[in-house]
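First up is the structure itself, then whatever we jot down about it.
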Amino acid sequence: MLAWARRHKKKLTALGVGVGVFGLAPLVAHLTVERMVRLTPPAIPETSLRLSESNGVRTAGKGWARVFGSKPGSGPGVNVVQLAGTPEEIGTEHTTLLRDHMLANESVLWDGFSNVVPFTPARALLFDMGRYRYRNVQDGFPEPRRRELAAEARAFDPDPYASHMPTYPRMVFLHALYDIALSFEHSPLLGTGPSPGSKPRPQLDGCTAFGLGPDATSDGHALFARAFDFEAADVFDRDKAVFVVRENGAIPFASVSWPGLVGVVTGMNAEGVAVAVNGGRAGTPKTTGIPVAFALRETLSHAHDTAEAVAILKQQDVMVSHIVFVGDAKGHFAVVERAPGTPAFVRSDVPDPARVGITNHFEGPLASDPSNLHVRETTTTLPRRARIDELLHGVAPKSATVASSVGMLRDHSCAGSDKCELGDRKTIDALIATHGVVFDLTAKKAWVSEGPHLSGRFVKIDLASIVSHEDGPPPDTDDDAVPADEILGDARYTEGRARAGGPLLGPELPLTTGGKHASP
């Protein structure tokens, strides 16, 4: 053996060098990315706030947080958080009030990602590829949002996850998560098709939304409803937050999301304008532009009606394709289809302006896009659209209420004569939604699902009342909450969840886990 080694010394040396270089290559690449990809936060004033708590209400600066609708024997309720002031004040209030929630939620994401990609070098490679690809992503962020995130990041110190990625860049990427996720074909924001029988594995499906105008509702108000089927982790459902944002110089708005995200995927402002995003596929994703969550936030911050909202949406440079559903207090609805490099298209051929439904496919100039055709052929967008259209057609004049709208979001049937079971992805409520919301745009009130998914109560949150209160939150009441779905009372829910499949990241939380807590 030694003689063979001496004869092949040069080859072995070359092999050793090659192995060494190959082994060092990932480290060299990582260090190169670290040097090339530096997202520097803007300079902001030094700020810090003291967290106080009394009678279940947290306060920090002008902000406060409390759980609405949580009373003995009722349910876990919903976290409601007011943030107010300058962008820097809003960012600092956000972290100060919700740091423990943000830490817990991020822990689920990191642990879940480790389970999905257990090989450490592979995880590092994925992060480096993503960071390099989206190295200029913050260029599309509105300048106030950069300042807000800088303050949010500063208040997050000490940061136990800084070894994964520094705080500010991580928060930048998290606020562009919708866009980054949608740039990949199998995103948790759009479906891959119906559930295969009862096999419990995560299936990825989209969202359903609808609007009802004054002619369709019992009190003449405009109603706006949506189910947001984002299946990344159960914690986004059980620990959701309704942010009431009162930024200086902007229209106050409410956003239904989760601790750590003060962008908008579902929201309503104090003028009665609502927006919701549904995933779609068309065109080629970009790595720069305004993220969807901030695009919709900008819209709510400045629009007084649907026409103004549409005008704002048409001017924005987007990163990925998607559909925005818009409504206002007078019952004017619009569906805006957007994709990178393509003018926004506003659907104007709605058969009944008082009854409008959308799912996840384009119907305008992008209808023939190969990606959109793939969505139509392989996901549940068409069956869900057919079912919501059936339900809307069955709404008699002057009959719809908040409770009946919640019932439509919880619909477990398939269109026509198609038979389906609980948890089937062809239904509107496949027991997978991260949140469900019904907005009364005329009264500026929201009914938000407390979880699990759409099956728990829908808790009333009065945006107009919150905005009118200058000294802390208004009195809490669970009056007018829509009761839980009856399927929670027997084995049907468990069977349906098994059929639908669990979340992509993290464990499926038990029914008894509310996830809400107002104190550390």
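Numbering of the sequence shown is given in the UniProt record's numbering, commencing with residue 1 and proceeding in unit increments.
Here a beta-carbon is modelled for each residue, glycine too, at the ideal position from N, C-alpha and C.
Just so it is clear, the structure is predicted and the values come from calculations on it, not from any experiment.
Taking the straight line between their C-alpha atoms, what separation do you get for residue i and residue j?
| i | j | result |
| --- | --- | --- |
| residue 359 | residue 226 | 10 Å |
| residue 517 | residue 363 | Residue placement at residue 517 cannot be trusted, given a pLDDT of 37 that sits under 50; what the coordinates show is reported in the next sentence. If you take the alpha carbons of residue 517 and residue 363, they lie about 43 Å apart. |
| residue 401 | residue 217 | 6 Å |
| residue 539 | residue 115 | The question about residue 539 has no answer, for the chain in this structure spans 1 to 520. |
| residue 389 | residue 426 | 13 Å |
| residue 131 | residue 468 | 42 Å |
| residue 209 | residue 357 | 6 Å |
| residue 365 | residue 346 | 10 Å |
| residue 470 | residue 306 | 28 Å |
| residue 495 | residue 455 | 14 Å |
| residue 21 | residue 113 | Its pLDDT being 43, under 50, residue 21 is placed unreliably by the model, and the measurement read from it follows with that caveat. Rounded to the nearest angstrom, the two C-alpha atoms are 28 Å apart. |
| residue 473 | residue 484 | 25 Å |
| residue 102 | residue 440 | 29 Å |
| residue 504 | residue 206 | 14 Å |
| residue 169 | residue 480 | 42 Å |
| residue 421 | residue 412 | 8 Å |
| residue 318 | residue 72 | 45 Å |
| residue 141 | residue 244 | 21 Å |
| residue 344 | residue 267 | 20 Å |
| residue 232 | residue 276 | 18 Å |
| residue 337 | residue 304 | 20 Å |
| residue 493 | residue 48 | 45 Å |
| residue 160 | residue 134 | 23 Å |
| residue 323 | residue 442 | 23 Å |
Mind checking residue i: buried by the 16 CB within 10 Å criterion, or exposed?
| i | result |
| --- | --- |
| residue 176 | buried |
| residue 94 | buried |
| residue 314 | exposed |
| residue 69 | buried |
| residue 510 | exposed |
| residue 394 | exposed |
| residue 280 | buried |
| residue 489 | exposed |
| residue 79 | buried |
| residue 408 | buried |
Within a Cβ cutoff of 8 Å, which residues of the same chain sit near residue i, ignoring the five residues on either side of it in sequence?
| i | result |
| --- | --- |
| residue 139 | 288 |
| residue 381 | 191, 206, 359, 360, 361 and 375 |
| residue 270 | 251, 252, 253, 444, 463, 464 and 467 |
| residue 117 | 123 and 126 |
Report the option in the options whose CA atom is closest to the CA atom of residue i.
| i | options | result |
| --- | --- | --- |
| residue 461 | 449, 470, 454 and 58 | 449 |
| residue 482 | 418, 422, 406 and 306 | 406 |
| residue 61 | 51, 55 and 70 | 51 |
| residue 91 | 355, 386, 147 and 133 | 147 |
| residue 329 | 309, 397, 207 and 342 | 309 |
| residue 242 | 318, 437, 403 and 224 | 437 |
| residue 349 | 151, 343 and 335 | 335 |
| residue 299 | 282, 272 and 280 | 272 |
| residue 355 | 392, 338, 120 and 459 | 392 |
| residue 104 | 304, 276, 337 and 259 | 259 |
| residue 230 | 444, 78, 256 and 418 | 256 |
| residue 40 | 327, 292, 96 and 151 | 151 |
| residue 65 | 75, 38, 81 and 261 | 81 |
| residue 434 | 327, 458, 179 and 384 | 458 |
Pick helix, strand or coil for residue i, following the three-state DSSP scheme.
| i | result |
| --- | --- |
| residue 102 | helix |
| residue 247 | strand |
| residue 94 | helix |
| residue 433 | coil |
| residue 285 | coil |
| residue 44 | coil |
| residue 314 | helix |
| residue 171 | helix |
| residue 165 | coil |
| residue 364 | coil |
| residue 268 | strand |
| residue 257 | strand |
| residue 130 | helix |
| residue 177 | helix |
| residue 239 | coil |
| residue 141 | coil |
| residue 325 | strand |
| residue 358 | strand |
Apart from the five residues on each side of it in sequence, which residues of its chain come closer than 7 Å, Cβ to Cβ, to residue i?
| i | result |
| --- | --- |
| residue 248 | 85 and 86 |
| residue 430 | 205, 423, 424 and 500 |
| residue 171 | 149, 152 and 153 |
For residue i, I'd like the list of residues in its chain whose CB is within less than 6 Å of its CB, leaving aside the five on either flank, ordered along the chain.
| i | result |
| --- | --- |
| residue 331 | 213, 214 and 222 |
| residue 297 | 263 and 264 |
| residue 451 | 237 and 238 |
| residue 59 | 52 |
| residue 286 | 319 and 340 |
| residue 369 | 282 |
Could you tell me if the beta carbon of residue i falls within a distance shorter than 7 Å of some heavy atom in the ligand FAD?
| i | result |
| --- | --- |
| residue 445 | The model on display carries no ligand, and the ligand FAD is accordingly not part of it. |
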